[in-house]
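Participant: A single structure is presented below for examination.
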Amino acid sequence: MDAKPPVVVGVDGSPTAMDAARWAAAYAVRHGASLCCVYGYHLPMYGFSPIGTLGEMENFDARARRQAEDMLGTAAGRLREAYAGLEIDTRMETGGGTAVLVDASKSAIATVVGARGGGGFTHLLLGSVADQVTVHGLGPVIVVRGPAPDRGPVLVGVDASEHAARALRYAAAEAALRGTDLVVLHAYTETLHPRSGDPAAEGKAEAERLLDTMTADLHELHPRLRVQTRPVYTGRVDQAMIEASAEAVLTVVGCRGLGGLRSILLGSTSRALVHHAASPVAVVHRQG
1 MDAKPPVVVG VDGSPTAMDA ARWAAAYAVR HGASLCCVYG YHLPMYGFSP
51 IGTLGEMENF DARARRQAED MLGTAAGRLR EAYAGLEIDT RMETGGGTAV
101 LVDASKSAIA TVVGARGGGG FTHLLLGSVA DQVTVHGLGP VIVVRGPAPD
151 RGPVLVGVDA SEHAARALRY AAAEAALRGT DLVVLHAYTE TLHPRSGDPA
201 AEGKAEAERL LDTMTADLHE LHPRLRVQTR PVYTGRVDQA MIEASAEAVL
251 TVVGCRGLGG LRSILLGSTS RALVHHAASP VAVVHRQG
């Protein structure tokens, strides 16, 4: 029998990465999976150097590797103390953090990143590695910004797209596993082609029909799951989701919805959420 894929988390020694690692460890325990702490190691790039400096460069590389190994070991040690019985591995590979984590996401049940890493400026809402892994990773990619709430519903935003349906299935399974409610939000505006004198009422009715259709089989899949459907009248889907995320333990969204061009890997709502949501955000891509 094949081993269950691990939960992968990017670790670089920063406080936000450690918050993400703790969140990933709890996620792994909940899913009965192992945890793999990953660090992408950058080899320094050298041009032509004066004679006699090659040994110094090699020593610098060796010191940098030892520091990275010590950092990974320290992070894994803290997690083992906090999550007794959790199988924790470390993985350090040459290459940028983005490339290493995207590659690791191919064989992970989920990939977790901190909103900012050790290389980011503190005023940036999302670091470059987190941003790129969210765009290019496979399966669920979860962005954690600071200590995460431990109570609240799982929130998912839906439209009629395939990406939203995938996100809904993931969110329902997460809510059922956590024993919490699932809130399914659909943002709507006035209908474009009203058949009556009340386009706002028609827009709401269309939103309610979509929500009923999208959630119709959830009770069969998760009989004990409590599902709340929430049509929200707004012209700003991203703002509606950001505001609703304040009450959620996890906010889930597809990598893009009906509004995005197929060539765009991450939709505007997904991107806004990973930058501004008040809870961890799972962007659900197709599995590799």
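Under UniProt numbering, read the sequence shown as residues 1 to 288, first letter to last. Here a beta-carbon is modelled for each residue, glycine too, at the ideal position from N, C-alpha and C.
Tell me whether the stretch 97-117 and the stretch 30-40 touch, counting them as touching only if at least three CB pairs, one residue from each stretch, are closer than 8 Å.
Facilitator: yes
Participant: Do residue 252 and residue 155 have their C-beta atoms within less than 8 Å of each other?
Facilitator: One thing to note: residue 252 has its Cβ within 8 Å of the Cβ of residue 155.
Participant: What span of residues does the alpha helix (DSSP H) with residue 209 cover, start to end?
Facilitator: 199-214
Participant: Would you tell me roughly how many angstroms separate the C-alpha atoms of residue 69 and residue 62, rounded to the nearest one?
Facilitator: Each residue's alpha carbon lies about 10 Å from the other.
Participant: Out of 185, 80 and 169, which one is the CA nearest neighbour of residue 217?
Facilitator: Among 185, 80 and 169, the Cα nearest to that of residue 217 is on 169.
Participant: Short of 7 Å in beta carbon distance, which residues of its chain neighbour residue 107, apart from the five on each side in sequence? Order them along the chain.
Facilitator: 5
Participant: So, residue 24 versus residue 9, is the Cβ gap smaller than 8 Å?
Facilitator: At the C-beta level, residue 24 and residue 9 come within 8 Å of one another.
Participant: Specify the secondary structure class of residue 79 as computed by DSSP and reduced to three states.
Facilitator: Correct three-state label for residue 79: helix.
Participant: Check each candidate in 81, 136 and 204 and name the one with the smallest Cα separation from residue 285.
Facilitator: Of the residues 81, 136 and 204, the one whose Cα lies closest to the Cα of residue 285 is 136.
Participant: Can you tell which of 233, 174 and 14 has the C-alpha that lies nearest to the C-alpha of residue 224?
Facilitator: 174
Participant: Output yes or no for whether 8 Å exceeds the beta carbon distance between residue 112 and residue 88.
Facilitator: no
Participant: Can you give the beta carbon distance from residue 211 to residue 160, rounded, assuming they're within the 8 Å contact cut?
Facilitator: Actually they do not touch by this definition, with Cβ atoms about 11 Å apart.
Participant: Under the rule that 16 or more other beta-carbon atoms within 10 Å means buried, what is residue 324, buried or exposed?
Facilitator: The question about residue 324 has no answer here: the residues shown for the chain are numbered 1 through 288.
Participant: Tell me the DSSP secondary structure of residue 287 in three-state form.
Facilitator: coil
Participant: Could you tell me the distance, in whole angstroms, from the CA atom of residue 283 to the CA atom of residue 14?
Facilitator: 22 Å
Participant: Answer yes or no: do residue 177 and residue 30 have a C-beta to C-beta separation smaller than 8 Å?
Facilitator: Their beta carbons are under 8 Å apart, which means residue 177 touches residue 30 by this criterion.
Participant: Just how far apart, CA to CA, sit residue 181 and residue 171?
Facilitator: 10 Å
Participant: Which residue comes first and which comes last in the alpha helix (DSSP H) that contains residue 234?
Facilitator: No alpha helix (DSSP H) holds residue 234; DSSP gives it neither H nor E.
Participant: With a cut-off of 8 Å on the beta carbons, I'd call residue 90 and residue 73 a contact; round off their distance for me.
Facilitator: 7 Å
Participant: Which residues does DSSP pair with residue 255 in a beta bridge?
Facilitator: BP columns for residue 255 are empty, so no partner.
Participant: Using the Cα positions of residue 12 and residue 276, report the straight-line distance between them to the nearest angstrom.
Facilitator: 22 Å
Participant: Find out if the Cβ-Cβ distance for the pair residue 148, residue 130 is shorter than 8 Å.
Facilitator: no
Participant: Does the beta carbon of residue 170 come closer than 8 Å to any beta carbon on chain C?
Facilitator: Considering every chain present, this structure includes no chain C. It has just one protein chain.
Participant: When the Cα of residue 231 is compared with those of 157, 255 and 219, which residue comes out closest?
Facilitator: 157
Participant: Do residue 75 and residue 7 have their beta-carbon atoms positioned less than 8 Å apart in this structure?
Facilitator: no
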